[in-house]
Every structure is written in C-alpha cells, then in structure tokens.
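Colleague: Okay, handing you the structure first.
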Amino acid sequence: MRNSLWVACLAAVIAAPFAAGEAVGQVGRDTVLVYDREVFRYDRGGRPDPFRSLLTNEDLGIRTEDLTLLGVIFHPDPSQSVAVLARRGVDRRLRARVGERLGSVRVVGINQRSIDVVVEEFGLARRERLEISPSQERPAQ
43 MRNSLWVACL AAVIAAPFAA GEAVGQVGRD TVLVYDREVF RYDRGGRPDP FRSLLTNEDL
103 GIRTEDLTLL GVIFHPDPSQ SVAVLARRGV DRRLRARVGE RLGSVRVVGI NQRSIDVVVE
163 EFGLARRERL EISPSQERPA Q
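Just remember that our numbering sits 42 ahead of the position in the sequence shown, which is counted from 1.
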C-alpha cells in the first residue's frame with residue numbers, strides 16, 4: 043500500500059508540467075531574461091583599501107622564494123666561505139657569509155653546493171636550503 047501511494051505521488055509530480063501544456067525547459071515567447079550583475083564600489087573616504095596588503099616589499103624584505111644561489115666560494119673555515127645570490131627583479135648580486143642577515147633570512151651554513159638559511163617571519167622560524175641549480179653550474183677551468 044505504501045509503495046503504490048509513493049509511486050502515485052511520484053507520477054503526479056512528473057506529469058504535472060506536461061498536463062499544463064508547457065514543454066519542460068523552454069521559456070515562453072513573452073518572457074524576457076534580464077541578467078543583473080552586482081557591482082561593488084569602495085568609497086575610500088580617507089580610509090585605506092582593505093584588500094591591499096599592509097606590508098610593502100620593503101617591509102617584507104628579502105624572501106627565499108625570490109633568491110637564487112648562483113655560486114659558493116667555499117673555504118674549509120666556515121667564516122671564510124661566501125655565497126653569491128641573485129634576487130628576482132634586481133640586477134645587483136648579493137654576497138653573504140655565515141651569520142649575516144638579508145632581511146628576514148639569516149645564513150646559518152655554507153656548503154660546497156648549497157647554503158642553509160633560517161627564515162624568521164611572524165615570530166616563527168623555519169630552516170630552508172638553497173642549492174645551486176644545474177643550469178647555473180659551470181665546469182671548472
């Protein structure tokens with residue numbers, strides 16, 4: 043009994059649009075579709091834009107994502123080793139020794155083919171390694 047009642051209700055729901063004489067999924071000829079798009083405008087009124095970062099590039103300093111290790115002048119004494127770095131978007135090369143800071147990046151170790159750095163951001167420190175990419179390598183002459 044329950045099943046037949048359920049089937050009858052389902053059939054009535056499916057047949058209702060056809061009984062009204064309209065085809066399902068078609069719009070009548072006298073119907074006009076209007077698409078409205080909401081437009082937001084921010085009236086500054088002396089206030090800063092809430093979608094712009096509060097930190098500028100100068101505030102952020104040098105980021106490891108922008109650094110490329112070009113080469114290492116290695117010396118068995120770690121204090122004598124020098125890493126040569128390039129910063130994306132800047133033509134000037136950077137030289138760094140163990141213990142030096144480049145913005146929020148501190149060099150903690152220089153190896154023959156890589157350097158270890160500690161990045162301090164928002165009170166947290168993480169360790170990263172920058173390696174010489176194969177495209178930067180040149181055979182010794």
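All C-beta atoms, glycine included, are put in the ideal place defined by N, C-alpha and C.
Would you call the stretch 132-146 in contact with the stretch 75-85, where contact means no fewer than 3 C-beta pairs closer than 8 Å?
Modeller: Taking 8 Å as the limit for Cβ pairs, the verdict is that the stretch 75-85 does not touch the stretch 132-146.
Colleague: CB S146 to CB R171, shorter than 9 Å?
Modeller: Here the question's residue 146 lines up with position 104 in the sequence shown. Here the question's residue 171 lines up with position 129 in the sequence shown. No, Cβ-Cβ distance for S146 and R171 is not below 9 Å.
Colleague: Can you check the stretch 79-141 for any beta strand (DSSP E) of at least 3 residues that lies completely inside it and give the ranges in chain order?
Modeller: Runs of the beta strand (DSSP E) inside the stretch 79-141: 109-115, 124-129, 135-138.
Colleague: Quick one: what does DSSP say L52 is sitting in, helix, strand or coil?
Modeller: Counting from 1 along the sequence shown, the entry for residue 52 is found at position 10. Helix, per DSSP.
Colleague: Is A167 buried or exposed, if buried means 16 or more other CB atoms sit within 10 Å of its CB?
Modeller: As a first step, residue 167 is located in the sequence shown; it is residue number 125 there, counting from the start. The residue in question, A167, is exposed, as its Cβ has fewer than 16 Cβ neighbours within 10 Å.
Colleague: Beta-carbon separation of R129 and D108 under 9 Å?
Modeller: Start at 1 with the first residue of the sequence shown, and residue 129 comes out as number 87. Start at 1 with the first residue of the sequence shown, and residue 108 comes out as number 66. Yes; because the gap between Cβ atoms is below 9 Å, this pair is in contact.
Colleague: Where L193 and E142 are concerned, what is the direct C-alpha to C-alpha distance, given to the nearest angstrom?
Modeller: Residue 193 lies beyond the range of the chain shown here (43 to 183); nothing can be said about it.
Colleague: For a test of the three-state rule: what should DSSP assign to L144, helix, strand or coil?
Modeller: Residue numbering aside, residue 144 sits at position 102 when the sequence shown is read from its first letter. Three-state DSSP puts L144 in a strand.
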